[in-house]
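The sequence shown begins at 39 in the working numbering and counts up by one.
Where is the CB? At the ideal position from N, CA and C, for every residue including glycine.
In what follows, a structure is listed as structure tokens, so that the remarks can point back to it.
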Amino acid sequence: MSIRPVDIDELPLLQDIERAAGQCFRDIGMPEIAEDEPLPTGELARYRRNGLAWVAVDAADTPVAYLIAERVDGNLHVEQVSVHPDQARRAVGRALLDHLAHHAAAAGVPALTLTTFADVPWNAPYYARLGFRPLDDGELGPGLREIRRSEAAHGLDRWPRVPMRRDLRQG
């Protein structure tokens with residue numbers, strides 16, 4: 039498995055990966071999440087143009103997972119990380135997050151942040167195992183506060199959500 043920047047013609051594949059990965063939410067009583075449409079290709083292209091979109095590819099150089107990030111409050115915020123279910127439990131998501139962490143640390147970025155479902159096993163508990171810690175409201179910068187407001191407006195607060203942070207070692 040290798041990680042590389044997303045090619046422009048692969049943007050529809052990212053949507054397919056996210057749709058497939060989202061189906062597991064249906065099994066735990068969150069069908070609305072499973073049915074939520076991925077970001078449009080134009081929006082995905084913006085992450086690519088900003089140099090903050092990567093894919094994990096198989097031996098045939100076909101994307102099987104992806105991660106997009108953006109700069110928020112001086113950190114790199116994981117906007118989305120999705121792994122095709124056929125590649126689940128193979129540390130692909132971990133590899134993408136570690137790739138982002140190395141990229142961020144090399145650029146002097148102090149931390150990675152994300153927001154996720156608190157009680158979904160492959161969300162907050164998984165990220166905690168990867169070095170992310172929950173943030174309380176007093177630790178949120180204006181960018182993360184706005185992300186949380188947007189998520190609530192989108193209906194995601196129907197299930198408990200948590201912002202998280204992974205501090206990075208510089209150097």
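Taking DSSP's pairing of strands, which residues face Glu108 in a bridge? His115
On the DSSP bridge assignment, give the partners of Trp243 in chain order. Residue 243 is absent from the model: the chain starts at 39 and stops at 209.
Where do the N-terminal and C-terminal ends of the beta strand (DSSP E) with Pro201 fall, by residue? 199-205
Compute the distance between the beta-carbons of Ala143 and Val200, then report whether it is under 8 angstroms. no
To the nearest angstrom, how far is the alpha carbon of Arg187 from that of Pro76? 19 angstroms
I'd like to check one pair, Leu168 with Pro14: are the Cβ atoms closer than 8 angstroms? For residue 14 there is no data in the structure shown, the boundaries of the chain being 39 and 209.
I'd like to confirm the pairing. Which residues does DSSP put opposite Thr151 in its beta bridges? His115, Arg203
Return the chain-ordered ranges of every alpha helix (DSSP H) run that is complete within the segment 55-83 and spans a minimum of 4 residues. 69-73
May I ask you to check if the CB of Ser40 is nearer than 7 angstroms to at least one heavy atom of the ligand PLP? The model on display carries no ligand, and the ligand PLP is accordingly not part of it.
Going by beta-carbon coordinates alone, are Asp205 and Pro148 separated by less than 8 angstroms? yes
Using three-state DSSP, classify Arg167 as helix, strand or coil. helix
Among Ile185, Ile66, Pro180, Ala98, the one whose alpha carbon lies nearest that of Gln118: Ile185
Among Arg203, Glu56, Ile106, nearest to Gln125 - alpha-carbon criterion: Glu56
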